[in-house]
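Structure, as structure tokens:
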Amino acid sequence: MLVIRFQKVGKRNQKILRLVLQDKRWKLNGKVIRVLGWWNPYLKEGNFDKDTILFYLEHGAQLSNTARDILRKNRII
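Throughout the sequence shown, residue numbering follows the working numbering, covering 2 to 78 in sequence.
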């Protein structure tokens, strides 16, 4: 099953979250099928590929809880 979730990248105290599409069984920092955007939690800003996210959701991908909350706040879903 495919899942859309955040992956931490960046320096130790300057994390940026990358929104990725992965298989649910893969490790969080493992292989990535597609990068769908990014989110900076310190500045509360980000950039998401809305069309691609909606495409994968229509075809059965699941959202993690954190990704669902942030995408709702940014009116993507």
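No residue lacks a Cβ here, since even glycine has one placed at the ideal position from N, Cα and C.
Start and end of the beta strand (DSSP E) containing Ile78? Walking along the sequence shown from the start, residue 78 turns up at place 77. Per DSSP, Ile78 is not a residue of any beta strand (DSSP E), being assigned neither H nor E.
Looking at Ala62: is its Cβ nearer than 8 Å to the Cβ of Arg6? On the sequence shown, residue 62 is found 61 positions in, with the first residue counted as 1. On the sequence shown, residue 6 is found 5 positions in, with the first residue counted as 1. The beta carbons of Ala62 and Arg6 sit no closer together than 8 Å.
7 Å CB neighbourhood of Val10 in its chain, flanking five on each side removed: Along the sequence shown, read from residue 1 onward, the residue named residue 10 stands at position 9. So the list reads Ile17, Arg19, once near-sequence residues are dropped.
Which partner residues does Ile5 have in the DSSP bridge list? The residue labelled residue 5 in the question sits at position 4 within the sequence shown. According to DSSP, Ile5 shares a beta bridge with Leu22, Leu64.
So is Leu72 buried or exposed if we call it buried at 16+ other beta carbons inside 10 Å? For the purposes of this step, residue 72 is taken as residue 71 along the sequence shown, with counting starting at 1. Around the C-beta of Leu72, 16 or more other C-beta atoms lie within 10 Å, and the residue is accordingly described as buried.
To the nearest angstrom, how far is it from the Cα of Trp39 to the Cα of Lys74? Here residue 39 refers to the residue found at position 38 of the sequence shown. Here residue 74 refers to the residue found at position 73 of the sequence shown. If you take the alpha carbons of Trp39 and Lys74, they lie about 14 Å apart.
Thinking just about the alpha-carbon of each residue, which of Val4, Gln15, Met2, Leu3 is nearest to the one in Leu44? Here residue 44 is taken as the residue at index 43 of the sequence shown, counted from 1. Considering only alpha carbons, the answer is Gln15.
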